[in-house]
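Residue numbers (my numbering), protein chains in the order written: chain C, 1 to 111; chain Z, 1 to 116.
The beta carbon of each residue, even a glycine, is placed where N, CA and C say it ideally should be.
Okay, so here's the structure we're looking at.
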Amino acid sequence: QKEVEQNSGPLSVPEGAIASLNCTYSDRGSQSFFWYRQYSGKSPELIMFIYSNGDKEDGRFTAQLNKASQYVSLLIRDSQPSDSATYLCAARNFGNEKLTFGTGTRLTIIP
Amino acid sequence: GAGVSQSPSNKVTEKGKDVELRCDPISGHTALYWYRQSLGQGLEFLIYFQGNSAPDKSGLPSDRFSAERTGGSVSTLTIQRTQQEDSAVYLCASSPIGSRKANEQFFGPGTRLTVL
Numbered sequence: 001q002k003e004v005e006q007n008s009g010p011l012s013v014p015e016g017a018i019a020s021l022n023c024t025y026s027d028r029g030s031q032s033f034f035w036y037r038q039y040s041g042k043s044p045e046l047i048m049f050i051y052s053n054g055d056k057e058d059g060r061f062t063a064q065l066n067k068a069s070q071y072v073s074l075l076i077r078d079s080q081p082s083d084s085a086t087y088l089c090a091a092r093n094f095g096n097e098k099l100t101f102g103t104g105t106r107l108t109i110i111p
Numbered sequence: 001g002a003g004v005s006q007s008p009s010n011k012v013t014e015k016g017k018d019v020e021l022r023c024d025p026i027s028g029h030t031a032l033y034w035y036r037q038s039l040g041q042g043l044e045f046l047i048y049f050q051g052n053s054a055p056d057k058s059g060l061p062s063d064r065f066s067a068e069r070t071g072g073s074v075s076t077l078t079i080q081r082t083q084q085e086d087s088a089v090y091l092c093a094s095s096p097i098g099s100r101k102a103n104e105q106f107f108g109p110g111t112r113l114t115v116l
């Protein structure tokens, strides 16, 4: 079992709809969680991080964390074609600097 | 300011040769990370440097892989006796403070390594 798991997709969402990306993790020592966006052929860029249970909103993006169920999600409201990319979920343990990444979910926004 | 830079952007080598990949982090960033990303895969952690502390080498896949960071800035990842399974994009990242609970890692453009 991978430490961080994501559905590889592809996930297709119509423009203007809500895209929901999910991630589960197996290590209960994981404390911080990150969502990176990676366009094809480009390097990852951070969208959001979360370390408290509940929701965290930033513009059109909302990260959700449920430590009891060990899942993290990213919601993208009012999806735009420019949101089409691969979204990588990553986990980090307290006191350990490395990030453990999932394999990513490829998201396509259909105009 | 300038972001993380990596060189070369592409490297094609023959099986058995040694390669060196370079990373120049953002100025002032004390933490530096190496990852690799194989086709269609997520990022795999390789090694982490923080200031003058001993590096975390726990992700290096074999003793053919090594890395150093000179003067707390530029880092070089060396792969000896390359194998075809080493083909991947090697990404370097840096962050300003390695000990905060949540810190952003800024990624470079990567080096695409192809071993023939």
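Pairing Leu113/Z with Val19/Z gives a Cβ-Cβ distance under 8 angstroms. Each residue's CA atom was taken as its position, placing Lys57/Z and Phe107/Z some 19 angstroms apart.
When Cβ pairs closer than 8 angstroms are counted between the two stretches, the stretch 6-20 of chain Z is seen not to touch the stretch 41-55 of chain Z, the count staying below three. Asn96/C has its alpha-carbon roughly 13 angstroms from the corresponding atom of Phe33/C.
Residue-level contact by beta carbon fails for Glu15/C and chain Z, as no gap is shorter than 8 angstroms. Where Thr76/Z is concerned, the enclosing beta strand (DSSP E) starts and stops at 75-79. Distances from the alpha-carbon of Ser66/Z to those of Gln50/Z, Trp34/Z, Ala88/Z put Trp34/Z closest. Counting along the chain, Ala67/Z sits inside the beta strand (DSSP E) bounded by residues 65-69. Counting the other Cβ atoms within 10 Å of the Cβ of Pro81/C gives fewer than 16, which makes it exposed.
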